[in-house]
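The structure under discussion appears below in the form of structure tokens.
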Amino acid sequence: MKVSAGERLMNYVILSLFALFALFPIITILVTALRPQIGVVGGALHWENFVTAWELGNFATALTNSLLVALLVVSLALVLSILAGYAFGTMRFRGSTVLFYLFLLGLMVPAEAIVIPLFFDLRNLGLTDTIWAIALPQVAQSVAFGTFWMRAQFRALPRNLIEAAAIDGTSGLAALWRIVVPPSLPSIATVSVLMFMWTWNEFLIPLIMSPGGQWRTAPLGLAIFKGQYTSDHALLAAAGVIIAAPIIVVFLLLQRYFISGMLEGASKE
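First residue of the sequence shown? That's 1 in UniProt numbering, and the numbers climb one at a time after it.
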């Protein structure tokens, strides 16, 4: 169907308005972050606000903790999701449907409902105030969605690829990593970005599972910083930009695969 010039222009106008609507809060935070702090006079752009917020909030430790937790969660959850999605998407075995819906329960049970009992269980195991107490519950949450996502991806692949590999004597794991995973990289990148974003923004689990504060993550650091500098909007905005920057960087690096994976998912529906 041929699109007229007027329709194309209207599409650009509508998309531009939506883009401005989405970017307005971000631009507002950036502008606020560059304003003078309380008691500071003069100057156009105060880039030193980021340095001050970084030092006062001790964000080096918080960001390092968040990065370590996110890398652990994403790596474990991604491998488990690929393996489970491969099993549910390409194999037929007794109880597979029931077991798959059991996985989906992880999407339906909120963390708030289980975090307190889980804290006592992990405390009895001596895992509280460790990276495992923060990472393992988030791995479980991410695996539920990751399995659902990868199952849909693997089910959409041509069956003759796996059948040909089986005829050639290729084992199941070899077929997965050599034949099934390469064409699924856009979907894997998409779910990786989503897992990283969810893990980075998680607030409740690190708050409960690290009562001593040894594994204080970036959102916790920002909350404490906000409580100390409530009235200084410039510092608060600068701290918010610091915390959000890693997510933006990850998305920019993987945006091509992320968009490709989302489009593939839409085309399969």
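No residue lacks a Cβ here, since even glycine has one placed at the ideal position from N, Cα and C. What you are looking at is a predicted structure, and each value in this text was computed from that prediction instead of being measured.
Check	Outcome
Simplified DSSP assignment, three categories, for residue 256	helix
Endpoints, the alpha helix (DSSP H) within which residue 49 is located	48-57
Burial state of residue 295 (16 or more Cβ within 10 Å)	Examination of residue 295 is not possible in this model, given that the chain is present from 1 through 269 alone.
Selected residue, minimal CA-CA separation from residue 136, among 29, 119 and 148	119
Limits of the alpha helix (DSSP H) - the one that residue 205 falls within	204-209
Range covered by the alpha helix (DSSP H) that runs through residue 276	It is not possible to answer for residue 276, since the shown part of the chain is limited to 1 through 269.
Straight-line Cα distance separating residue 144 from residue 132	18 Å
Given residue 30 as reference, the closest of 55, 173, 175 and 241 once Cα atoms are compared	241
Nearest to residue 106 (by Cα), restricted to the options 53, 142 and 192	142
Residue 257 vs residue 147 beta-carbon contact at 9 Å	no
Proximity to residue 37 [Cα-Cα], best of 244, 230, 253 and 63	230
Rounded straight-line distance, which links the Cα of residue 206 to that of residue 115	10 Å
Residue 214 in three-state terms, based on DSSP	coil
Cβ neighbours of residue 271 in the same chain (closer than 8 Å, five flanking residues each side left out)	Lying before the first or after the last residue shown, residue 271 is absent from the chain, which here runs from 1 to 269.
Secondary structure of residue 269, DSSP reduced to three states	The pLDDT assigned to residue 269 is 44, lower than 50, so where the model puts this residue is not dependable; a value taken from the coordinates is nonetheless given after this. Of the three classes helix, strand and coil, the one that applies to residue 269 here is coil, per DSSP.
Buried or exposed (CB count within 10 angstroms, at least 16 for buried), residue 34	buried
Environment of residue 62 [buried if 16+ CB atoms lie within 10 Å]	buried
CA-to-CA distance, residue 28 to residue 226, given in whole angstroms	18 Å
Pair within 9 Å by beta-carbon distance, residue 50 and residue 238	yes
Segment limits, alpha helix (DSSP H) that includes residue 272	No information on residue 272 is available, as it lies outside the stretch 1 to 269 that the chain covers here.
Inter-residue Cα distance where the pair is residue 164 and residue 248	41 Å
Candidates 99, 162 and 187, of which the one nearest residue 178 by Cα	162
Contact belief for residue 187 with residue 215 at Cβ below 8 Å, rounded distance in angstroms	Wrong, their Cβ atoms sit about 31 Å apart, outside the cutoff.
Beta-carbon contacts of residue 134 that lie in its chain and below 7 Å, excluding the five residues immediately before and after	69, 205, 206, 209, 210 and 215
Chain-order list of residues whose beta-carbon lies under 7 Å from that of residue 72 (same chain, five-residue window excluded)	131 and 135
Coil, strand or helix - residue 44 by DSSP	coil
Residue 35, enclosing alpha helix (DSSP H) - first and last residue	Per DSSP, residue 35 belongs to no alpha helix (DSSP H) and is neither H nor E.
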